[in-house]
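Scroll down for the structure; my scribbles are underneath it.
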Amino acid sequence: MNASRIALVTGANQGLGRALVEGLAARMNPDDLVLLTGRHERRVADAADEVTGLPGTRARVEGRVLDVTDADAVARLADELGARYGGVDIVVSNAVARLLPGESQAERADEFIDVSNTATHAILRSFGPVLRPGGRLLVVASSLGTLGHLDPRLHRLFDGADLDQVEYAVESWRSAVHNGTAVEAGWPVWLNVPSKVAQVAAVRAVAAARREHDLAAGILIASVCPGMVDTDTSRPWFSDFSQAQSPSEAARAVLDLVLAEHADPALYGELVRFGKALPWHDGTPLVEQDGLVTP
1 MNASRIALVT
11 GANQGLGRAL
21 VEGLAARMNP
31 DDLVLLTGRH
41 ERRVADAADE
51 VTGLPGTRAR
61 VEGRVLDVTD
71 ADAVARLADE
81 LGARYGGVDI
91 VVSNAVARLL
101 PGESQAERAD
111 EFIDVSNTAT
121 HAILRSFGPV
131 LRPGGRLLVV
141 ASSLGTLGHL
151 DPRLHRLFDG
161 ADLDQVEYAV
171 ESWRSAVHNG
181 TAVEAGWPVW
191 LNVPSKVAQV
201 AAVRAVAAAR
211 REHDLAAGIL
221 IASVCPGMVD
231 TDTSRPWFSD
241 FSQAQSPSEA
251 ARAVLDLVLA
261 EHADPALYGE
271 LVRFGKALPW
281 HDGTPLVEQD
291 GLVTP
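The sequence shown begins at 1 in UniProt numbering and counts up one residue at a time.
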């Protein structure tokens, strides 16, 4: 990678995103720059100041306000970094909307889809072209992002799709939720499942189009599953957190992937968990029980 690197993390005020910024700032060099981004100016500024003041921080940390649901804002930031620094070296798309079990999935669908999926598409479209040689672009998803977690009737929408087709599938799902036809069509009630599958499918689509160029340039584009993480967003959904990781623990494997000297071609375009690719077609559709989700 370049001697002076530029890293950017979305959804970085708290939780895993904050832990990723802390880890990057500790493991990168003093002349490197880590951009901590989020929607709320005060929270972003406070978080950046706090990370800067940590004993282990080495790299420069700056807060930047970024609403990832605003595709134009994402594009402007990518263009700015491309013009100012000649590109970026590390991008981690981590933003997620918080959703509680008691809330209406349908009523929260737009916000959830915009933050998780529309934003992922914008990040891939805008930051892919400004990745410098040796760059890394990772989308934080989960093991629920494997295709088998969806009803088989829906597989054709994502398997082998290009990014435009993934976007169309996501908008079709959104419309079905609002029209009350989603369950009939096979979509899970729990928004997180199709959202994660679509995130992974979007990464696979972009990777398929760029693979030859990126492998030659040492670039890695992938989705990542950090495992179960104990955060305010995830805790309400699971009854047993005995095996959950803290955000800093969950960040380690992601950081190892981001900061590896050489990109493993076997991981390119894949959903990676703890350094290994998860099979795209694996998984079993999930069911809801008493407001919680189980296999």
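Glycine is no exception: its CB is placed at the ideal position from the N, C-alpha and C atoms.
Pull the bridge partners of residue 62 from the DSSP assignment, please.
Partner(s): 35.
May I ask you to report which of helix, strand or coil DSSP gives residue 133?
Reduced to three states, the DSSP call for residue 133 is strand.
Compute the distance between the beta-carbons of residue 139 and residue 224, then report whether it is under 9 Å.
The answer is yes: Cβ separation under 9 Å.
Quick one: grab the DSSP three-state call for residue 1.
Residue placement at residue 1 cannot be trusted, given a pLDDT of 43 that sits under 50; the coordinates are not used to answer.
Using 10 angstroms around the beta-carbon of residue 260, count the other beta-carbons present and answer buried if the total reaches 16, otherwise exposed.
The residue in question, residue 260, is exposed, as its Cβ has fewer than 16 Cβ neighbours within 10 Å.
Residue 298: which of 13, 22, 216 sits nearest, CA to CA?
Nothing can be reported for residue 298: it is not among the residues displayed for the chain, which extend from 1 to 295.
So, helix, strand or coil for residue 294, using DSSP?
Residue placement at residue 294 cannot be trusted, given a pLDDT of 41 that sits under 50; the coordinates are not used to answer.
Measure the alpha-carbon distance for residue 26 versus residue 62 and round it to whole angstroms.
In a straight line, the C-alpha of residue 26 is about 14 Å away from that of residue 62.
Using C-beta distances below 8 Å, list every residue in its chain close to residue 65, excluding the 5 sequence neighbours before and after it, in chain order.
Excluding positions up to five away in sequence, the list reads 37, 38, 39, 40, 41, 44.
Could you tell me whether the segment 68-84 touches the segment 49-57, using the rule of 3 or more Cβ pairs below 8 Å?
No, they do not touch.
By the DSSP assignment, the beta strand (DSSP E) with residue 195 in it spans what residues?
No beta strand (DSSP E) holds residue 195; the alpha helix (DSSP H) holding it covers 192-217.
Comparing C-alpha positions only, which one of 93, 67, 57 sits nearest to residue 16?
Per the Cα distances, 93.
By the 10 Å Cβ neighbour count, where 16 or more other Cβ atoms means buried, how is residue 149 classified, buried or exposed?
Classification for residue 149: buried.
Buried or exposed, going by whether 16 or more other CB atoms sit within 10 Å of the CB of residue 29?
Classification of residue 29: exposed, given that the 10 Å Cβ count is below 16.
Tell whether a beta-carbon distance below 9 Å holds between residue 269 and residue 222.
Yes, these two residues count as a Cβ contact at 9 Å.
Straight-line CA distance for residue 296 to residue 8?
Outside the modelled stretch of the chain, which goes from 1 to 295, sits residue 296, for which no answer is possible.
I'd like to confirm something about residue 263: is its beta-carbon nearer than 8 Å to some heavy atom of the ligand MN, or not?
The model depicted lacks the ligand MN and carries no ligand whatsoever.
So, helix, strand or coil for residue 289, using DSSP?
Confidence in residue 289 is poor, its pLDDT being 40 and thus under 50, which makes the residue's placement unreliable; the coordinate value appears in the next sentence. Note: residue 289 maps to strand in three-state DSSP.
Quick one: what does DSSP say residue 76 is sitting in, helix, strand or coil?
Note: residue 76 maps to helix in three-state DSSP.
Under 6 Å Cβ to Cβ from residue 170, same chain only, skipping five residues before and after it: list those, please.
Closer than 6 Å at the Cβ level, and outside the excluded window around residue 170, lie 117, 198.
Considering just the uninterrupted stretch of the beta strand (DSSP E) at residue 278, what are its terminal residues?
Residues 276-278.
Taking the CB atoms as reference points, tell me whether residue 226 and residue 253 lie closer together than 9 Å.
Yes. Within cutoff.
Using the C-alpha atoms, what's the distance from residue 59 back to residue 24?
If you take the alpha carbons of residue 24 and residue 59, they lie about 8 Å apart.
I'd like the span of the beta strand (DSSP E) that includes residue 8, first residue to last.
Unbroken beta strand (DSSP E) run through residue 8: 6-9.
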